[in-house]
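Under our numbering, the first residue of the sequence shown is numbered 21, with each subsequent residue one higher. Note that the Cβ used here is the ideal one computed from N, Cα and C, for glycine as well.
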Amino acid sequence: MNTRPGIDTPDHRGRTGLDRTGRDLDRNPDIVVRDVELTSQGWHVLRRTTFDHRRRDGRWVTQQRETYDRGNGAVVLPYDTERGRVLLTRQFRYPAYVNDHPDGMLIEAAAGLLDGDDPPAAIRRESAEELGVTLGPLTHVLDAYMSPGSVTERLHFYAAPYTPADRTGDGGGLEEEGEDIQVLELPFSDALAMARDGRITDGKTILLLQWAALDGPFAATADTR
């Protein structure tokens with residue numbers, strides 16, 4: 021009998037039943053899941069799902085979609101309104117590099133996967149690891165699916181105040197996870213200008229900077245032209 025890692029037997033991360041996700045979905049009467057195939061399980065999981073879809077004209081059609089499941093995540097924009105600053109990161113991102121980014125070095129808001137934590141706990145963990153900062157009270161901004169055509173991840177967006185005294189570590193991420201993160205403390209006006217002129221191209225970061233200018237801590241002072 022053939023055994024299938026990640027399905028019948030544990031894979032390298034101890035997971036089984038990875039082909040079961042989605043089989044019991046019944047919230048939408050116009051979608052009937054027929055089959056779920058596990059096509060790859062590295063650190064994250066790629067599945068091919070076959071489902072019937074009732075179109076608006078009443079016809080049923082069978083479709084297939086591949087989904088990349090990396091879990092859910094959280095992202096935060098730490099801000100210091102007294103000094104007009106925000107904390108961001110800069111790190112190498114191979115997917116951006118291979119898709120025409122000049123050097124793959126992206127400026128981003130600190131973010132990470134939940135890894136079993138609730139979103140506030142996860143983002144405080146990531147802020148300590150990546151930025152070396154202890155955050156003040158968290159403001160929940162929104163939740164969003166960032167690439168819903170293929171990636172299952174739901175990202176939880178936060179903002180939080182900080183002061184120079186809250187920068188209690190060096191940040192930089194975890195070397196054992198391959199992270200080599202530069203911490204950037206920037207004037208908010210500069211960060212917003214970078215989002216406008218293309219020096220910041222990361223979607224989650226642009227969203228948080230725009231929120232901070234329109235509805236957030238810098239709404240009264242930001243030039244939103």
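Counting C-beta neighbours from all protein chains within 10 Å, is the total for residue i 16 or more, i.e. buried, or is it exposed?
i, result
"P98", "buried"
"T108", "The displayed chain sequence assigns Leu, not Thr, to residue 108. Buried, by the Cβ-count rule."
"P237", "buried"
"D46", "exposed"
"A141", "exposed"
"H160", "exposed"
In angstroms, rounded to a whole number, what distance separates the CA positions of residue i and residue j?
i, j, result
"G156", "I143", "12 Å"
"A240", "D100", "14 Å"
"L151", "L206", "13 Å"
"G11", "N48", "In this structure the chain extends from 21 to 245, so residue 11 is not present and cannot be described."
"R216", "D210", "10 Å"
"L162", "H73", "29 Å"
"E146", "R113", "17 Å"
"D28", "T36", "6 Å"
"A233", "G136", "32 Å"
"T221", "N22", "46 Å"
"G62", "R103", "44 Å"
"E149", "L126", "18 Å"
"H32", "D200", "25 Å"
Where does residue i fall in DSSP's three states?
i, result
"A232", "helix"
"D186", "helix"
"G34", "coil"
"M214", "helix"
"A148", "helix"
Return the residue from the list the options that minimises the CA-CA distance to residue i.
i, options, result
"D77", "D50, D190, R219 and M166", "D50"
"V56", "V65, H64, Q202 and R43", "R43"
"V53", "V81, L204, H32 and P30", "V81"
"R24", "A94, A233, T221 and L58", "L58"
"H64", "G91, D39 and L204", "G91"
"V106", "P115, A130 and G93", "A130"
Inset, instruction - Evaluate contact between the region 62-73 and the region 82-92, counting only Cβ atoms and requiring at least three cross-stretch pairs below 8 Å. - result: Contact between the region 62-73 and the region 82-92 is present: 3 or more CB-CB pairs across the two stretches fall below 8 Å.
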